[in-house]
Amino acid sequence: MSSSAGTIALETGVPRGPQPSRINPYWVLVLPLVLFLVVLYLYPIGQVLWISFSDPEVGFQNYERLVTNRGILRMLGNTFRICFITTAISLLLGYLIAYAMAHVTERHRIWILMFVLVPFWVSVLARAFSWVVLLHDNGIINRALMDWGLTTEPVHLVRNELGVLIGMVHYMVPYAVLPLYANLRGIDPRLVSAARGLGAGPFESFWRVYLPLSLPGIAGAGLLVFILTLGFFVTPSILGGGKTLMIAEYVSVQILQTVRWGIGAMLAMVLLILVFLVFAVMSRVVDLRSMFGAK
Amino acid sequence: MSERYGWRFGVVLAATWLVLMFLVLPIFVSAPISLTPERFLTLPKDAVTLRNYENLVTNPNWTSSIWQSLVVAVVSTLISTTLGTLCAIGLWRIASRWSELVRGFVLLPIIVPSIVSALAFYRIFVDLRLLDSYPGIILAHTVLSVPYVVITVSTSLANFDLRLEQAARNLGADMKQTLRMVILPCIAPGVLAGAVFAFISSWDEIVVTLFITKLNIFTLPRRMWDGIRDQADPTIAACATTLIFITILVIGSQMWLRARRLKAQSQAETAA
């Protein structure tokens with residue numbers, strides 16, 4: 048878009064004061080926020096990056112721990128395992144819901160959407176709290192199991208990896224549903240009808256026509272969920288009860304409890320780089336701008 | 176698509192509703208617990224009481240947290256809505272390679288994992304002496320909520336005819352007038368939606384708050400966080416239930432309005 052004011056000045060040929068500058072005047076509106084973020088966000092992140100190389104002494108020794116320190120290696124292994132499992136289950140459940148949503152009547156769809164959106168918007172702490180109450184050794188589920196005589200000992204459902212997985216999948220399913228649904232709605236239903244007309248069974252037409260068409264949606268939703276799980280703090284730390292440490296909580300322990308800034312900052316930077324890498328992959332698979340609602 | 180579904184799709188639907196039940200399950204837990212007369216988290220057996228709700232609105236610990244969260248959320252929403260709206264309008268009007276780069280930059284706070292943001296704020300607030308203070312937490316929450324405003328306002332601008340702005344400029348309005356009299360009134364619903372998002376993101380924020388506050392500032396999420404870890408106080412259940420109830424009310428009314436609008440639309444189309 049060319050500047051309309053400049054065009055008019057040219058057409059009328061009247062020189063209006065000083066030569067109009069090349070810089071679009073609307074930058075004035077953008078600048079305050081950019082300055083605000085540079086000072087209060089970019090600069091301190093840069094400081095954290097610097098700490099990761101300089102605390103306790105300048106060098107790569109913090110990053111060396113990534114391959115030498117057993118505790119960190121085990122923690123990273125836990126994080127990736129939990130993230131992969133969470134992503135896989137969330138995608139499966141999310142796909143089911145999105146598929147149903149794409150194939151039901153408008154009224155039914157609104158009901159399903161409501162059941163997805165309400166938990167999506169409920170405070171993450173309220174949800175973590177409810178899961179603790181449900182899954183705890185003296186919690187509702189264990190009480191019921193023992194009252195019905197199904198077990199005599201409480202089953203440990205929380206303060207371990209199982210609890211973390213339940214809470215995380217619960218949190219992530221809506222994030223999987225929304226992009227998947229947007230993708231599935233874009234698939235022409237006549238393609239499936241055509242496959243059926245050409246003799247494919249219902250399973251085959253899903254497997255060989257519908258599913259491949261929805262692959263971009265699956266990739267987009269999967270990467271989004273994966274990014275969110277990688278840096279997830281609240282749910283793993285409440286439902287893991289300090290026993291299943293993932294990277295975000297590990298960082299917080301390093302900073303707030305053992306006060307080892309070098310290691311904390313290093314792991315924060317590793318997390319940040321991982322997230323950016325996944326985003327870079329994502330931008331090749333899906334239209335990020337449409338996902339963020341810009342344009 | 177009002178024909179009856181086949182049995183295969185019936186299985187899909189049944190499984191879908193099973194998953195949906197899993198999604199809403201926690202929502203039905205805190206309400207009964209919040210009515211317990213006991214001093215610890217348990218389902219009420221013989222009697223129910225509203226004492227936990229009373230505690231939520233009278234206990235000075237809880238009321239001060241509610242007020243603090245409100246103040247922080249309102250002030251940071253005002254700042255982030257102003258900065259974010261101006262920025263979104265500027266980026267929309269510029270629409271060049273540079274503005275796309277800036278757009279990516281201002282979205283950074285929602286892309287960066289919250290633990291990394293927490294470290295960054297902690298670090299700089301030590302230097303600025305803003306730890307455990309209102310200005311500190313308000314600034315941090317402003318940074319974290321501003322992308323939601325930029326996104327929402329940008330979406331709303333995408334549906335706004337650029338020629339209206341050009342017409343205003345051609346008729347002699349300067350940038351300020353165009354902004355105030357043409358652009359802002361047209362995108363007001365988008366700005367309001369952005370403000371709502373910003374408010375919720377601040378109201379609910381915990382990770383950064385855990386790092387940059389201590390005793391002076393004790394927001395509602397922080398109080399809940401501590402309570403869940405100690406697992407003692409049934410007031411959390413009352414608090415959680417209230418939050419859930421408000422969420423259902425807001426989402427429900429929005430969906431209802433949308434459904435009504437859709438219905439009115441389809442009726443208008445049939446009539447025409």
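Those sequence lines, one after another, are chains H and S. No gaps in the numbering here: position 289 of the first sequence is 336 in my numbering, and each next residue is one more. No gaps in the numbering here: position 238 of the second sequence is 413 in my numbering, and each next residue is one more. All C-beta atoms in this analysis are idealised placements derived from N, C-alpha and C, irrespective of residue type, glycine included.
Item: Which residues of chain S have a Cβ atom closer than 8 Å to the Cβ of H/Gln304, listed in chain order?; Value: Within chain S, no residue comes near H/Gln304; the closest Cβ sits about 12 Å away, beyond 8 Å.
Item: Could you tell me whether the Cβ atoms of S/Ile254 and S/Asp307 are closer together than 8 Å?; Value: no
Item: Could you give the first and the last residue of the continuous alpha helix (DSSP H) run that contains H/Arg156?; Value: 153-168
Item: Determine the closest residue to S/Ala370 out of S/Arg214, S/Gly259, S/Asp405, S/Phe197, with distance taken between C-alpha atoms.; Value: S/Gly259
Item: Using 8 Å for Cβ pairs, my map puts H/Val163 next to H/Ile144. What's the rounded Cβ distance?; Value: 6 Å
Item: Can you tell me whether DSSP reads H/Trp254 as helix, strand or coil?; Value: helix
Item: Using a Cβ-Cβ distance under 8 Å, would S/Thr353 count as near chain H?; Value: no
Item: Just verifying my parser: in three-state terms, what is the DSSP assignment at S/Asn391?; Value: coil
Item: Answer yes or no: do H/Ala295 and S/Ile290 have a C-beta to C-beta separation smaller than 8 Å?; Value: yes
Item: Quick check on S/Val249 - is its C-beta less than 8 Å from some C-beta in chain H?; Value: no
Item: Return the residues of the region 163-178 of chain H that lie within a Cβ-Cβ distance of less than 9 Å from chain S, sorted by chain order.; Value: Val163, Leu164, Val165, Pro166, Phe167, Trp168, Val169, Ser170, Val171, Leu172, Ala173, Arg174, Ala175, Phe176, Ser177, Trp178
Item: Do we get a CB-CB distance below 8 Å when we pair S/Ser177 with the residues of chain H?; Value: The pLDDT assigned to S/Ser177 is 41, lower than 50, so where the model puts this residue is not dependable; a value taken from the coordinates is nonetheless given after this. So, interface residue.
Item: Using DSSP with H/G/I as helix, E/B as strand and the rest coil, what is S/Glu178?; Value: Low local confidence applies: a pLDDT of 47 at S/Glu178 is under 50, so the model's placement there is unreliable, with the coordinate-based value given in what follows. In this structure, S/Glu178 counts as coil in the three-state DSSP scheme.
Item: List the residues of chain A whose Cβ lies closer than 7 Å to the Cβ of H/His150, in chain order.; Value: Considering every chain present, this structure includes no chain A. Its protein chains are H and S.
Item: Starting from H/Gln304, follow the alpha helix (DSSP H) in both directions and report where the run begins and ends.; Value: Counting along the chain, H/Gln304 falls outside any alpha helix (DSSP H), and DSSP gives it neither H nor E.
Item: Mapping the DSSP letters down to three states, classify S/Leu359 as helix, strand or coil.; Value: helix
Item: Count the C-beta pairs between the region 230-241 of chain S and the region 214-232 of chain H that are closer than 8 Å, then say yes if the count reaches three, no if not.; Value: no
Item: When the cut-off is 8 Å and only beta carbons count, does H/Ile320 lie next to chain S?; Value: no
Item: Does any CB atom of chain S fall closer than 8 Å to the CB of H/His203?; Value: no
Item: Could you give the DSSP three-state label for H/Arg206: helix, strand or coil?; Value: coil
Item: Would you please verify whether the beta carbon of H/Pro249 is less than 8 Å from any beta carbon of chain S?; Value: yes
Item: With 8 Å set as the bound, which would you pick, yes or no: does the beta-carbon of H/Phe326 sit closer than that to a beta-carbon of chain S?; Value: yes
Item: Out of H/Gly233, H/Val171, H/Val322, H/Val333, point me to the one whose CA is closest to S/Trp400's CA.; Value: H/Val171
Item: Does the region 115-125 of chain H come close enough to the region 254-273 of chain H to have 3 or more Cβ pairs within less than 8 Å?; Value: no
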